[in-house]
Amino acid sequence: MTSYKYYYFSNLLLICYIQYLSAYPCYVCSPIHFNYSITVDNFPSPTEHDCNIITAETGCFVRVFWNNNETTEITYGTNLGFPHDSVRVEIGRGVNTLSNLYTTEVQIAFICGSSDSTPCNTVENLKRSFISTTLPTENKIREYDELLIPTQTFNSSLCYEFSNMTDLCPQKDLDDCRKCFIVIEYSQITDICATCPSGEFEWNNFRYNTMFLLQNRTRSDSIFLRCQSGVNCNSINNIEKIQQNLVAQFDFDKFFYSSTSTIKLSFILLLSSLYIGLLHLF
39 MTSYKYYYFS
49 NLLLICYIQY
59 LSAYPCYVCS
69 PIHFNYSITV
79 DNFPSPTEHD
89 CNIITAETGC
99 FVRVFWNNNE
109 TTEITYGTNL
119 GFPHDSVRVE
129 IGRGVNTLSN
139 LYTTEVQIAF
149 ICGSSDSTPC
159 NTVENLKRSF
169 ISTTLPTENK
179 IREYDELLIP
189 TQTFNSSLCY
199 EFSNMTDLCP
209 QKDLDDCRKC
219 FIVIEYSQIT
229 DICATCPSGE
239 FEWNNFRYNT
249 MFLLQNRTRS
259 DSIFLRCQSG
269 VNCNSINNIE
279 KIQQNLVAQF
289 DFDKFFYSST
299 STIKLSFILL
309 LSSLYIGLLH
319 LF
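In the numbering used here, the protein residues as written are 39 to 320.
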């Protein structure tokens, strides 16, 4: 019995230790709101009064979100399942079908898992992510407003239908469909789901998501479109136009150069301090 207890508690300690090693320290803060569009020079750092440091097995993120170039939100938190060591960019444009008001949303997020005792979701890493990213202009994004025009005379039979994602793509429902829909995921293979699903959706919109993986310098893209106007508004061709014209670019060299520069500067300062200290000794 004593031997059993020993092994039980040994295994329990081992599990706790493994969980400790796989947990990452993260800044977690209440969202920081600004009633204007802030620039990279004004990104706020976590503060003791508004933030905590917690450990999370899923890793950490820090994100900047702009709405219509009028408001900004900065969020520090724990990762919701995206790959570590990545930068996620999302570009969205939509129209509320009840108010006919259009809105543009852009966000950049840095996702990480630190190997040391300090959080990796810092404002410095968010700044590096931002300066390494090239976004399409607002005018470019608005070029696709015609695809999003709401209509009161929607005809579900005009929606394009195709799928190579048979298990995940909802069936076309001509009786209860209110908007055409398509999503295309570009990775090692291209997955497509174009249909007219059931349900009420308040927005006609598109979202262009890109994940930049920092370790192997690759990217994956996902674009969805929800629309009502014209024949085959949810066509593959329309998605490809969005992909070609609204693509976000990421400069991996600039991202890592910023990191290297910071490390070099810290090293130079350290050597300078040691040199001055040695002078005082002799």
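Each residue gets a CB set at the ideal place from its N, CA and C atoms; glycine is no exception.
For Thr171, count the other beta carbons within 10 Å of its own beta carbon; 16 or more makes it buried, fewer makes it exposed. Which is it? buried
Counting beta carbon pairs with one atom in the stretch 93 to 113 and one in the stretch 137 to 155, are three or more of them shorter than 8 Å? yes
Taking all protein chains shown into account, decide if Ser273 is buried (16 or more other Cβ within 10 angstroms of its Cβ) or exposed. buried
Proximity to Ser83 [Cα-Cα], best of Asn73, Thr96, Pro157: Pro157
What three-state label does DSSP hand Glu128 in the structure shown? strand
Using the beta-carbon count (16 or more within 10 Å), is Phe148 buried or exposed? buried
Pick out the complete beta strand (DSSP E) segments inside the stretch 63 to 148, 3 residues or longer, and give them in chain order. 70 to 72, 89 to 94, 98 to 105, 109 to 116, 124 to 134
Range covered by the beta strand (DSSP E) that runs through Arg245: 241 to 251 is the span of the beta strand (DSSP E), which, as asked, contains Arg245.
Pull up the distance between the alpha-carbon of Lys178 and that of Asn283, whole angstroms please. If you take the alpha carbons of Lys178 and Asn283, they lie about 7 Å apart.
Pull up the distance between the alpha-carbon of Pro208 and that of Phe239, whole angstroms please. Between Pro208 and Phe239, the C-alpha separation is close to 15 Å.
Boundaries (first-last residue) of the alpha helix (DSSP H) holding Leu179: The sequence shown places Ile at residue 179, rather than the Leu named in the question. Unbroken alpha helix (DSSP H) run through Ile179: 176 to 180.
Quickly, what does DSSP pair Gln287 with across the bridge? List them, please. Thr172
Below 8 Å, can you find three or more Cβ-Cβ pairs linking the stretch 187 to 207 to the stretch 263 to 277? yes
To which residues does DSSP link Arg264 through a beta bridge? Phe219, Asn243
Between the stretch 114 to 129 and the stretch 86 to 102, can you find at least three pairs of beta-carbon atoms closer than 8 Å? These segments touch.
Say whether the stretch 193 to 206 touches the stretch 242 to 252, bearing in mind that this needs 3 or more beta-carbon pairs closer than 8 Å, one atom from each stretch. In short, these stretches do not touch, since the Cβ pair count stays below three.
What span of residues does the beta strand (DSSP E) with Ala61 cover, start to end? Judged by DSSP secondary structure, Ala61 falls outside any beta strand (DSSP E); it is assigned neither H nor E.
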